[in-house]
Each structure stands twice: as structure tokens, then as C-alpha cells.
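Here UniProt numbering is used: the first residue of the sequence shown is 1, the next is one more, and so on. Cβ coordinates follow ideal geometry from the N, Cα and C atoms, glycine included. Single-structure report; data block below.
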Amino acid sequence: MDRSSTSTFSTLFDVPGFYPNNKKIKLNDPEPNIENIKLNDQEPNTKQIKLNDHTPQKSNQSCNDSLNAGANDTNDVNGANNDVEVLTKNLSRQQKLKKDLAAGRFRLINEKLYTTSSLSAFKLFQENPQTFDEYHEGFRSVVKSWPTNPVDILINYLNQKPKDWIVADLGCGEGKIAQKTSNKVLSFDLVAKNDMIIVSDIAKLPIPNSFFDITIFCLSLMGTNYIEFLKEAHRVLKPMGELKIAEVVSRFSDINAFIKVLAEIGFDFIKKDDSNKMFIILDFIKSASQLKKSEKSLLENASKLLKPCSYKKR
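Next up, the structure:
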């Protein structure tokens, strides 16, 4: 790469509780003369005794009223608790419905991305940018259930490499690699979620030849034309530059045939890490400055070597 190319792209790195009533008592008769008092022999007729208004019955009534009031209060509390329970159940149903709808939407977008070309996906996201957010929200939910996120492995790898390494994160998503590494990273995707991401179809990068020390595809070989992504990665890599591919294990129908296709493009296979049950990481280096003449039979069947990544309904 000549100095003018380096100068052109150097600017890419400048980012930074009753009381009775009181009654008056009137004395109508003089004081009684004790001598005039005669005691009769009859005992008082208890039937003629009248109970005044202040009887225990009224007190009992008051107690009953209090008890009834307490019972009403209890009923009110129970009713309120029932209302809360019903509301909670309704909210739970709504949340589940919302979650199911989001999951269904994610699966539809995912299928679209894996069964059409990158150009079609680019048009989809440009016309409906919110689709990109819907997809990545669903994708985060899926990867969160994995024992390890492959992007974290790649970040750890890069942080052990020279800080002046120029890295291409192809199909970067939300650009986590650029945020977490000390290298010079150029992040590319169909939608820019932040200022560090360059909007581009990774089948046609706006980068000169032999520019990067390493190119990375982290779960991003999506689209029927993924071979074009790999050819472009070869073009922008420096001689002996590295290529790292992290992909879902279930996508590979024949991993050895896939490696042979990479050899036809101009990459030498170095190693694979299949220690994780969810994904595999493949390492290559750019072995030839020019693309090798492709074997037609291999490249024609290449799109069948990586199956679409589908997520089952849960």
C-alpha cells in the first residue's frame, strides 16, 4: 500500500374511640319524712321494672357494628389484593405476548438475512432502520444463553496483539470489538449504531488493497453471497495477514470442504477451535497476493457449505 492510501484512511482513527347526654335533675317534692314511710310486705314486681335507654343491648349493638365494620375493611383489603393479583397476571400475559412477538419478528428477519444477498439486506435496513435494532435485540437474547460469547474470545485475542494492528470487523453489529480493544479497529455493517461504524456492504469495502493486519467475521457470514465477503477480506488484507472466522457449529454441512474453498480464495488454514459447543473459530492467513483461480465445482457449491442459521421457537 502506498503512502497516499495510508494518508487517506488515517483520519478514520481520529474518533473519540358513647357518652350519655347530661340531663338536669329537678326535685319536685320536699325531702321525704322518714316517719311517714311504710314498708309493705310485697316484694317489688320485677316485671314492672323498665330498663332505661342505656342498656347493655345498645352496647352490644355498637360492638356488632364495629365487628361488621372490621369485616367490611377485611373484605376491602381482600378485594384490593385480588385486583392486584389480576393486574399482575394481565401484565405477565402482556409481557409474554410482547416477548413472543419480538422473538417471532427476530426469526423472520434472521431468515431474511441468511437467504438473500447482502445487497437485499442492505436495502432492507436502509428502508427500515428499526429492523436492525429488532434483529440485534433478539440476537443478544439468543447469545446471552450461550456459555461464552465468541466476540469476547476475539477481544481477548486482539488485546494480546500489537496496538498498532489495523483490524477490520466485518459485520460488526453494535461494534463491541472496537469499544473493548486497544487496536485500531474499523467496524463495518449495514447500519451504523455509533460513530465508529462505517455503513457498508461488506462485499464491497471502501478500503484500498492490502490495508489490514487482520480481518474478522464474528457470526457475520450471512447472505447467499458470503463468498464475496471472503474474497473482499482477502483483497484488503496485507500479505500474511490473518483471517478469523467465528461461526455457529450447526451451520457447517462440511467443514473440510469449507476450508478447501478458503484455500481456493487464497487462504491457508492454520487451526480451528471447536472447544465450544455453540460455535467454532477458524484461523487462516493470506497466503497469496492474488486470488487463485477458483475451481468452479467448489465455488458453485460453496453457498451450500454454510447452512442458514435458524432459531427454533421456544
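Nearest-angstrom Cα separation, counted from residue j out to residue i
i, j, result
"isoleucine 245", "serine 220", "9 Å"
"leucine 154", "serine 145", "18 Å"
"aspartate 169", "alanine 178", "8 Å"
"proline 206", "phenylalanine 125", "19 Å"
"methionine 222", "asparagine 256", "19 Å"
"aspartate 274", "phenylalanine 252", "12 Å"
"aspartate 152", "valine 185", "15 Å"
"lysine 277", "leucine 243", "22 Å"
"threonine 131", "serine 141", "16 Å"
"valine 249", "lysine 272", "12 Å"
"glycine 241", "methionine 196", "23 Å"
"aspartate 133", "lysine 161", "32 Å"
"glycine 104", "phenylalanine 122", "21 Å"
"glutamate 247", "glutamate 127", "28 Å"
"glutamate 228", "serine 303", "11 Å"
"serine 187", "proline 208", "15 Å"
Beta-carbon gap between residue i and residue j smaller than 8 Å
i, j, result
"serine 287", "phenylalanine 258", "no"
"asparagine 183", "lysine 163", "yes"
"leucine 305", "valine 236", "no"
"threonine 215", "alanine 192", "no"
"phenylalanine 279", "phenylalanine 269", "no"
"asparagine 156", "glycine 175", "no"
"leucine 230", "isoleucine 281", "no"
"aspartate 201", "leucine 119", "yes"
"phenylalanine 212", "lysine 238", "yes"
"asparagine 159", "tyrosine 135", "no"
"proline 147", "cysteine 218", "no"
Coil, strand or helix - residue i by DSSP
i, result
"phenylalanine 195", "First, the amino acid is wrong: residue 195 is aspartate here, not phenylalanine. Looking at aspartate 195 - three-state DSSP - the assignment turns out to be coil, as it is neither helix nor strand."
"proline 239", "strand"
"lysine 47", "Here the model assigns lysine 47 a pLDDT of 46, short of 50, so the residue's position is not dependable and the matter cannot be decided."
"lysine 286", "strand"
"aspartate 169", "strand"
"serine 117", "coil"
"aspartate 213", "strand"
"threonine 203", "It is alanine, not threonine, that sits at residue 203 in the sequence shown. Coil, per DSSP."
"aspartate 133", "helix"
"leucine 306", "strand"
"glutamate 127", "helix"
"lysine 271", "strand"
"glutamate 228", "helix"
"lysine 112", "helix"
"lysine 176", "helix"
"lysine 260", "helix"
"lysine 163", "coil"
Residue from the options whose Cα sits closest to the Cα of residue i
i, options, result
"cysteine 172", "Ser120, Phe139 and Val261", "Phe139"
"serine 117", "Val143, Leu190, Asn149 and Val142", "Leu190"
"threonine 224", "Thr115, Glu137, Phe106 and Arg105", "Thr115"
"tyrosine 226", "Asn128, Lys307 and Asp133", "Lys307"
"cysteine 309", "Asn128, Thr131, Val143 and Lys123", "Val143"
"asparagine 301", "Asp254, Ile166 and Lys271", "Asp254"
"arginine 107", "Asn128, Phe122, Glu137 and Lys123", "Glu137"
"proline 129", "Val199, Gly104, Glu228 and Lys271", "Val199"
"serine 210", "Ile166, Ser187 and Lys123", "Ile166"
Beta-bridge pairing of residue i - partner residues as DSSP gives them
i, result
"leucine 186", "Ala168"
"phenylalanine 279", "Val248"
Chain C within 8 Å of residue i, Cβ atoms only
i, result
"serine 187", "Any reference to chain C falls outside this structure, which holds one protein chain only."
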